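Single-structure report; data block below.
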Amino acid sequence: MTPSLPDILIGQCAALAMPLPPEAGGDYAAGRLGILIMLAALAAQEAERGVAARVWENQALRALFAKAAQTYDGELGGRLAAAGAGVADDLSWSALDGANADLRRLLIALHEAAEDRRDQALDREILAFYRRMAHERRLELPTMMGG
Amino acid sequence: MTLAERLAAYLTRTSGEPIAVENLARISGGASRETYRFDAVTGGARQGRILRRDPPGSLIETDRRLEFLAIRSFAGKGVAAPEALVLEEEGAELERPFFIMGRVEGGAAASPFDPDPYGVHADAIGERFFGILGTIAAQPLDGLPILEAAARPAPEDCWRRELDYWSGVIEADEQHPQPIVRAAIRRLKRDPPPPSARVAVIHGDYRSGNFLHDGAGAILAVLDWEMAHLGDPLEDLAWAMDPLWSPPGGGRISGMVTRDEALTIWGRASGMAIDPAALAWWSLFASVKAQAIWTSSAKAWRDGGFTEPILALSGW
Numbered sequence: 070m071t072p073s074l075p076d077i078l079i080g081q082c083a084a085l086a087m088p089l090p091p092e093a094g095g096d097y098a099a100g101r102l103g104i105l106i107m108l109a110a111l112a113a114q115e116a117e118r119g120v121a122a123r124v125w126e127n128q129a130l131r132a133l134f135a136k137a138a139q140t141y142d143g144e145l146g147g148r149l150a151a152a153g154a155g156v157a158d159d160l161s162w163s164a165l166d167g168a169n170a171d172l173r174r175l176l177i178a179l180h181e182a183a184e185d186r187r188d189q190a191l192d193r194e195i196l197a198f199y200r201r202m203a204h205e206r207r208l209e210l211p212t213m214m215g216g
Numbered sequence: 150m151t152l153a154e155r156l157a158a159y160l161t162r163t164s165g166e167p168i169a170v171e172n173l174a175r176i177s178g179g180a181s182r183e184t185y186r187f188d189a190v191t192g193g194a195r196q197g198r199i200l201r202r203d204p205p206g207s208l209i210e211t212d213r214r215l216e217f218l219a220i221r222s223f224a225g226k227g228v229a230a231p232e233a234l235v236l237e238e239e240g241a242e243l244e245r246p247f248f249i250m251g252r253v254e255g256g257a258a259a260s261p262f263d264p265d266p267y268g269v270h271a272d273a274i275g276e277r278f279f280g281i282l283g284t285i286a287a288q289p290l291d292g293l294p295i296l297e298a299a300a301r302p303a304p305e306d307c308w309r310r311e312l313d314y315w316s317g318v319i320e321a322d323e324q325h326p327q328p329i330v331r332a333a334i335r336r337l338k339r340d341p342p343p344p345s346a347r348v349a350v351i352h353g354d355y356r357s358g359n360f361l362h363d364g365a366g367a368i369l370a371v372l373d374w375e376m377a378h379l380g381d382p383l384e385d386l387a388w389a390m391d392p393l394w395s396p397p398g399g400g401r402i403s404g405m406v407t408r409d410e411a412l413t414i415w416g417r418a419s420g421m422a423i424d425p426a427a428l429a430w431w432s433l434f435a436s437v438k439a440q441a442i443w444t445s446s447a448k449a450w451r452d453g454g455f456t457e458p459i460l461a462l463s464g465w
């Protein structure tokens, strides 16, 4: 989940460009090529769904924070209100991931606060959000290796 | 000099007799160490060997010694541990630390992508797999070589030590915030398990794919002891039963036996009763540990210049 698609593609180039020593041929080289093929197949899924998943997650988090800002005050409430009012106008991978990192850090803080307050309604809402988040970010391993 | 020539020079120097290295070939698996097979030839005799060498820039020096001593701890104890032969912590002619094991012939490791890895021998493999794990849990610690390098936690500290270690790995190596695993860590801290019923050797990565089988129901060698330590045996059991290693929809742990059968086999071999709540805690912990390993793999991939694709696949 953490490497970005651009990182994965740069890594493909680096791995393919690197010469292997003589003792790393044969089965090892074949296995390594199989992994590169699998990464390419996963990269195709990410290219199709990755931007949409990030746009959805960032928008959903902003909506969650705007709502929570109505009941959580103080320093956390201020951060929630500011994040909830944010907008996304740069759809590059780096901008989306940068915004997502900030939003996720705030989500962690909000969930901790909900647990501390025993706010079960918000806890359940965040847990449901985690399930959706994992689903949107899923990568499905192709059945191309082994049996 | 080639790696084979350097290895031959090391073996010749340390054994005092000429040893040739033939058929040196890197093999897949074991992302944290470079693994090679080779033949050591001396006086007309040929012996199959495995070389496990630290990758460039490795910082996990204690793990190497622990792995070697853990394997040696189970020599002749019925758990299919390979033969641990040589530990070289300075690197010498190979420039990086390594150890050498006897090579087990005629076996294969199951692919994690195989939907039916053991076929008609699934029951036999499951009986042996969980039986070996129970035998490891039952092994008394006194006198084991692993005690030279492994800390022995108090029963009430096993969970905290492991959780602190792996949550620390996530904290140190995380590139992008992961709220789900953070929530899991908090839950584990809020609701810890009871003290371990027994402190035993933990293999640390005991699962399908980390052993060699003969294709006819026998386990020939248990591999990848690099995360071995002392702790609560339920840690290994929960890790071995993690859904991550099981083909989807089959209802059998790692394509072997049902969950109830696995618990029965393990309980019989270990002599331990299984606390369901404690096992549930260690099952959630297994997910945290897996996430930590993947996070660490992603960092190693970036730090290594993106050249080891297995680390990218693990970390993605």
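So the sequences go chain by chain: D and P.
In this note's numbering, each residue's number is its place in the first sequence (first place is 1) plus 69.
In this note's numbering, each residue's number is its place in the second sequence (first place is 1) plus 149.
Backbone N, C-alpha and C fix where the C-beta goes; we use that ideal spot for every residue, glycine too.
Please read these numbers as outputs of a predicted model, since none were measured by experiment.
Can the beta-carbon of residue i be found less than 9 Å from the beta-carbon of residue j?
{"i": "Arg-131/D", "j": "Ala-116/D", "result": "no"}
{"i": "Ile-319/P", "j": "Ala-441/P", "result": "yes"}
{"i": "Arg-175/P", "j": "Thr-184/P", "result": "yes"}
{"i": "Glu-376/P", "j": "His-352/P", "result": "Reading off the sequence shown, one finds Met at residue 376/P, where the question assumed Glu. Yes, these two residues count as a Cβ contact at 9 Å."}
{"i": "Glu-342/P", "j": "Trp-431/P", "result": "The amino acid occupying residue 342/P in the given sequence is Pro; Glu does not appear at that position. Contact: yes."}
{"i": "Asp-385/P", "j": "Asp-373/P", "result": "no"}
{"i": "Leu-369/P", "j": "Gly-256/P", "result": "yes"}
{"i": "Val-348/P", "j": "Val-228/P", "result": "no"}
{"i": "Ile-77/D", "j": "Ala-169/P", "result": "no"}
{"i": "Gln-288/P", "j": "Lys-448/P", "result": "no"}
{"i": "Ala-258/P", "j": "Phe-187/P", "result": "no"}
{"i": "Asp-263/P", "j": "Pro-396/P", "result": "yes"}
{"i": "Gly-453/P", "j": "Pro-205/P", "result": "yes"}
{"i": "Val-350/P", "j": "Leu-433/P", "result": "no"}
{"i": "Ala-333/P", "j": "Ile-195/D", "result": "no"}
{"i": "Pro-326/P", "j": "Arg-200/D", "result": "no"}
{"i": "Arg-182/P", "j": "Arg-155/P", "result": "no"}
{"i": "Pro-261/P", "j": "Ser-177/P", "result": "no"}
{"i": "Ala-110/D", "j": "Gln-81/D", "result": "no"}
{"i": "Phe-223/P", "j": "Met-405/P", "result": "no"}
{"i": "Asp-424/P", "j": "Ala-346/P", "result": "yes"}
Answer with buried or exposed for residue i, where buried requires no fewer than 16 other C-beta atoms within 10 angstroms of its C-beta.
{"i": "Leu-208/P", "result": "At Leu-208/P the pLDDT is 47, less than 50, meaning the model places this residue with poor confidence and gives no usable figure here."}
{"i": "Gly-364/P", "result": "exposed"}
{"i": "Thr-151/P", "result": "exposed"}
{"i": "Glu-276/P", "result": "buried"}
{"i": "Gln-196/P", "result": "exposed"}
{"i": "Leu-393/P", "result": "exposed"}
{"i": "Gly-147/D", "result": "exposed"}
{"i": "Tyr-141/D", "result": "buried"}
{"i": "Tyr-314/P", "result": "exposed"}
{"i": "Asn-169/D", "result": "buried"}
{"i": "Met-421/P", "result": "buried"}
{"i": "Glu-311/P", "result": "buried"}
{"i": "Ala-435/P", "result": "buried"}
{"i": "Arg-221/P", "result": "buried"}
{"i": "Thr-163/P", "result": "exposed"}
{"i": "Val-403/P", "result": "It should be noted that the sequence gives Ser, not Val, for residue 403/P. Ser-403/P comes out buried."}
{"i": "Met-87/D", "result": "exposed"}
{"i": "Ala-271/P", "result": "buried"}
{"i": "Ser-463/P", "result": "buried"}
{"i": "His-362/P", "result": "buried"}
Tell me, please, which residues DSSP counts as bridged to residue i.
{"i": "Arg-191/P", "result": "According to the sequence as given, residue 191/P is Thr; it is not Arg. Looking at the DSSP assignment, Thr-191/P forms a beta bridge with Ala-194/P."}
{"i": "Glu-254/P", "result": "Paired residues: none, contrary to the question."}
{"i": "Ala-370/P", "result": "Leu-361/P"}
{"i": "Glu-237/P", "result": "Phe-247/P"}
{"i": "Val-350/P", "result": "Leu-379/P"}
{"i": "Glu-154/P", "result": "Answer is none; Glu-154/P lacks a bridge partner."}
{"i": "Arg-175/P", "result": "Tyr-185/P"}
{"i": "Ala-169/P", "result": "Val-190/P"}
{"i": "Arg-201/P", "result": "Thr-184/P, Phe-248/P"}
{"i": "Val-406/P", "result": "Ile-402/P"}
With a threshold of 9 Å between beta-carbons, can residue i be considered close to chain B, or not?
{"i": "Leu-210/D", "result": "Considering every chain present, this structure includes no chain B. Its protein chains are D and P."}
Say whether the segment 299-314 of chain P touches the segment 370-386 of chain P, bearing in mind that this needs 3 or more beta-carbon pairs closer than 8 Å, one atom from each stretch.
-> yes
Three CB pairs or more closer than 8 Å across the segment 332-340 of chain P and the segment 452-465 of chain P | no
Inter-stretch contact (C-beta, 8 Å, three-pair minimum) for the segment 210-225 of chain P and the segment 241-252 of chain P = yes
Examine the Cβ distances between the segment 250-266 of chain P and the segment 282-296 of chain P and report whether three or more of them are shorter than 8 Å.
-> By the Cβ criterion, the segment 250-266 of chain P is not in contact with the segment 282-296 of chain P, since fewer than three pairs of Cβ atoms, one from each stretch, lie closer than 8 Å.
Inter-stretch contact (C-beta, 8 Å, three-pair minimum) for the segment 154-173 of chain D and the segment 118-136 of chain D = With a cut-off of 8 Å, the segment 118-136 of chain D and the segment 154-173 of chain D count as touching, because enough Cβ pairs lie within range.
Count the C-beta pairs between the segment 174-182 of chain D and the segment 90-110 of chain D that are closer than 8 Å, then say yes if the count reaches three, no if not.
-> No: the two stretches stay apart, fewer than three of their Cβ pairs being nearer than 8 Å.
Taking only runs of the beta strand (DSSP E) that begin and end inside the segment 161-215 of chain D, which ones reach a length of at least 3 residues, in chain order?
-> none
Segments assigned alpha helix (DSSP H), at least 4 residues, entirely inside the segment 299-356 of chain P | 307-322, 328-339
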